[in-house]
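Visitor:
Residue numbers (my numbering), protein chains in the order written: chain C, 3 to 190; chain X, 3 to 190.
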C-alpha cells in the first residue's frame, strides 16, 4: 500500500498535518508513515533505508506544509540524496518506474490570494512544476496534488475551520488512494 | 555592495560555482560571501546573523547549483527561518523592502531538454516561480535569474567547456551587479 513521506519541521505542534496523518492511519489502508524529522533531525538521511521503503510500495504520498511556495527543506534534501543516479534516473535508473507520486500539502493563506492580482500572484500548481518534473524524470506517475487553503490561525482561521478542512482533505486523499488501488488491481 | 548567499553542498569539489565565486571576489566589487554549508553544516542557521547581513546590503545574490528543478535544501531552510514574520513579511515586515533579489545558478543538463518535448519538459523560468513570488512577498525587486546550462561532466561537458561557460556567466553577473549599482547611485 501507500508510503507516506511526512516532512513537517514541527509535527507534534502541527494542526492540519496531524489530523491528516491520523485520518490516514485510521483508514485501515495499511499506510506506512516515515516521519523525516523524527528519523533525521540532523538532516543526515539514510539513503538505503529510504530507497528500500520506496521499493516496497506502489504509491508514494508526500505530506507537508507549503512553505515559501515550495516544500520544506528536509523534503528537498530527501529528494537530493534518495533520488540517486541509477536509482531514480540514468541508464539503469528505473527503480521508481510506474510508481504513483502524490503530493498532499497544506497552505496557510486563503485561496483568493493565489491569482495574478492577489497577494501571491500565481495559482498553486504554478509552484508545483518542480515536483511534477521530478516525478516525470523518475518515470513515476504524477497524480494531481491534493491540498487545501487556510491552516493559518494568524490569517484568522479558527481551530474548527482548520479541523473541518483537514478532515475533508483527508477524505479526498483516501478516496484518491482507493482509486489508485483499484487501478492497480485491474492491471494485475 | 552585494551579499552572496552561497548554497552548495560540496563547494570545495564544485567546478562551476567555485569559478563564479572566485571571479566575483576578483572583481573588487566588495562582495561579501556567506557559505551556508561552512557556516551551518548541521542546518542550524543563525537567524539573527543572517538578518544582520541582509540589512547591511542592497543586493542579495543567491548562488547555487540547480538540483531537481529547485534550490538545494540548505537554501530552502535559510528562507524558511530567515524570512521571518515581521522581518520579511507581515504588517511590520518591511526590512527587505526595495532590496534586489538575484538568483545565480548552474544547471547540469543541456538547454535543449528544457522545452515541452524535451527531457525536462519546462523552461527553466517555469521552475523559478517560487523564488520570484518569495521576492515579491518580501517586497524585494526580483531580477531576472542568471544561469547557464552544461556543468555536468557526466553529460559529456569537458572541463574547458565548463570553465568557459562559468567565466561567461560570471561576466554577465558582474555586469548586472554594476548596473544595479549605477541605478542605486542615481536614486541616492
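Just so you know, even glycine gets a beta-carbon here, dropped at the ideal spot from N, CA and C. Quantities reported herein were computed from a predicted structural model and do not represent experimental measurements.
Please identify the residue among C:45, C:148 and C:163 whose C-alpha is closest to the C-alpha of residue 155 of chain C.
Guide: The residue labelled residue 155 of chain C in the question sits at position 153 within the first chain. Among C:45, C:148 and C:163, the Cα nearest to that of residue 155 of chain C is on C:163.
Visitor: Can we say the segment 51-66 of chain X touches the segment 79-89 of chain X, given the rule of at least three CB pairs closer than 8 Å?
Guide: At 8 Å Cβ cutoff, the stretches touch.
Visitor: From the DSSP output, which residues share a beta bridge with residue 106 of chain X?
Guide: Position 104 of the second chain, counted from the first residue, corresponds to residue 106 of chain X. Beta-bridge pairing links residue 106 of chain X to X:65 and X:148.
Visitor: Taking only the alpha-carbon atoms, compute the straight-line gap between residue 175 of chain C and residue 130 of chain X and give it to the nearest angstrom.
Guide: Taking the first residue of the first chain as position 1, residue 175 of chain C is located at position 173. Taking the first residue of the second chain as position 1, residue 130 of chain X is located at position 128. Rounded to whole angstroms, residue 175 of chain C to residue 130 of chain X spans 28 Å at the Cα level.
Visitor: If we count Cβ pairs, one from each stretch, closer than 8 Å, do we get three or more for the segment 41-48 of chain X versus the segment 99-115 of chain X?
Guide: Segments in contact, no.
Visitor: According to DSSP, residue 143 of chain C sits in a beta bridge with which residue or residues?
Guide: By 1-based counting over the first chain, the position of residue 143 of chain C is 141. Looking at the DSSP assignment, residue 143 of chain C forms a beta bridge with C:102.
Visitor: Just how far apart, CA to CA, sit residue 165 of chain C and residue 18 of chain C?
Guide: Here residue 165 of chain C corresponds to residue number 163 of the first chain, with the count starting at 1. Here residue 18 of chain C corresponds to residue number 16 of the first chain, with the count starting at 1. If I take the Cα positions, the gap works out to 7 Å.
Visitor: Should residue 114 of chain C be flagged as near chain X, meaning a C-beta pair shorter than 7 Å?
Guide: Here the question's residue 114 of chain C lines up with position 112 in the first chain. Chain X, which has no Cβ nearer than 7 Å to the Cβ of residue 114 of chain C, makes this no.
Visitor: Using 10 angstroms around the beta-carbon of residue 172 of chain X, count the other beta-carbons present and answer buried if the total reaches 16, otherwise exposed.
Guide: Counting from one through the second chain, the residue named residue 172 of chain X turns up at place 170. With 16 or more other Cβ atoms within 10 Å, it is buried.
Visitor: Within the same chain, show all residues whose beta-carbon is closer than 6 Å to that of residue 64 of chain X, passing over the 5 residues directly before and after it, in chain order.
Guide: Looking up residue 64 of chain X in the second chain gives position 62. Answer for residue 64 of chain X: 7 and 105, listed in chain order.
Visitor: Is residue 78 of chain C close to chain X? Criterion is C-beta to C-beta, closer than 7 Å.
Guide: Within the first chain, residue 78 of chain C is the residue found at index 76, counting from 1. Chain X contact via Cβ: present.
Visitor: Mapping the DSSP letters down to three states, classify residue 47 of chain X as helix, strand or coil.
Guide: To locate residue 47 of chain X, count along the second chain from 1; it is residue 45. The answer is coil: DSSP assigns residue 47 of chain X none of H, G, I, E or B.
Visitor: At 8 Å on the CB atoms, spell out the chain X contacts of residue 151 of chain C, in chain order.
Guide: Taking the first residue of the first chain as position 1, residue 151 of chain C is located at position 149. Under the 8 Å cutoff, chain X gives no residues; its nearest Cβ is about 15 Å from residue 151 of chain C.
Visitor: Can you tell me which of C:189, C:178 and C:69 puts its alpha carbon nearest to the alpha carbon of residue 111 of chain C?
Guide: Your numbering for residue 111 of chain C matches position 109 in the first chain. Of the candidates C:189, C:178 and C:69, the one whose C-alpha sits nearest the C-alpha of residue 111 of chain C is C:69.
Visitor: Starting from residue 88 of chain X, find everything on chain C with Cβ-Cβ shorter than 9 Å and list it in chain order.
Guide: For the purposes of this step, residue 88 of chain X is identified with residue 86 of the second chain, where counting begins at 1. The premise fails here: residue 88 of chain X is roughly 11 Å from chain C at the closest Cβ pair, so nothing lies under 9 Å.
Visitor: With a threshold of 6 Å on Cβ separation, who are the neighbours of residue 182 of chain X within its own chain once the five nearest residues in sequence on each side are excluded?
Guide: As a position in the second chain, residue 182 of chain X is number 180, starting the count at 1. Result list for residue 182 of chain X: 61 and 102, in chain order.
Visitor: The alpha helix (DSSP H) spanning residue 180 of chain X covers which residue range?
Guide: Position 178 of the second chain holds residue 180 of chain X. Element bounds for residue 180 of chain X: 161-189.
Visitor: What separation, rounded to the nearest whole angstrom, lies between the Cα atoms of residue 97 of chain X and residue 188 of chain X?
Guide: Numbered from its first residue, the second chain carries residue 97 of chain X at position 95. Numbered from its first residue, the second chain carries residue 188 of chain X at position 186. If I take the Cα positions, the gap works out to 22 Å.
Visitor: Do you know whose CA, among X:67, X:48, X:57 and X:45, lies nearest residue 22 of chain X's CA?
Guide: Numbered from its first residue, the second chain carries residue 22 of chain X at position 20. Answer by Cα proximity: X:67.
Visitor: Is any beta-carbon of chain A found at less than 7 Å from that of residue 146 of chain X?
Guide: Looking at the structure shown, chain A is missing, and the protein chains on hand are C and X.
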